[in-house]
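What follows is a single structure, written as structure tokens, with notes after it.
Structure follows, in structure tokens:
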């Protein structure tokens, strides 16, 4: 994704340069044909920009403060104002595009996170279902063992003794919970790592 940012940025700058001049011409034509647009939206920003520019240049060149800054004539003010208006519109559109792209990326990341959480929840539910199934099977085996012992008592049949290793013991609830936690940790660290694009 980072590799494609700089070509896209260069393309965007080139696009702005290409449309800035035609857009300025359109605004100049509108200013010529519409006195209200010219008087309130084009000339005042141009005169203010000219005034601020002269002040800043004289301050930076240590020429002192000008007592009065001469105003631009109407034609120059229209051209400067149209240029400023064009740049404002262009950068406004560019800023809007950046905001839209940011929101799109944020929504994409949120969707990825939602899918990841859903997968994790499904994984946890599957483990819990297996754990419940194991408990159910253990209960059924215990029921069958008791039934078999009762049947053996009634028929006076001796059941073969089950040989168990000295170290063999049934897993406790804590052990089962640890297995679940280890499985979730493994899923988070190993499985999800492999799913990430290289």
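In full-length UniProt numbering, the protein residues as written are 1 to 198.
The beta carbon of each residue, even a glycine, is placed where N, CA and C say it ideally should be.
In the three-state DSSP reduction, residue 61 falls in the coil class, being neither helix nor strand. Under the three-state reduction of DSSP output, residue 185 falls in the helix class.
Contact check for residue 46 against residue 77 passes: the beta carbons are separated by less than 7 angstroms. Excluding its 5 nearest sequence neighbours in each direction, residue 38 has C-beta neighbours in its own chain below 6 angstroms: 31, listed in chain order.
In the displayed model, residue 39 falls within a helix according to three-state DSSP. Taking C-beta separations shorter than 6 angstroms and ignoring five residues to either side along the sequence, residue 25 has no partners in its chain. Collapsing the DSSP output to three states places residue 73 in coil. Residues 86 of the same chain have their beta carbon placed closer than 6 angstroms to that of residue 23, with the five preceding and five following residues left out of the count.
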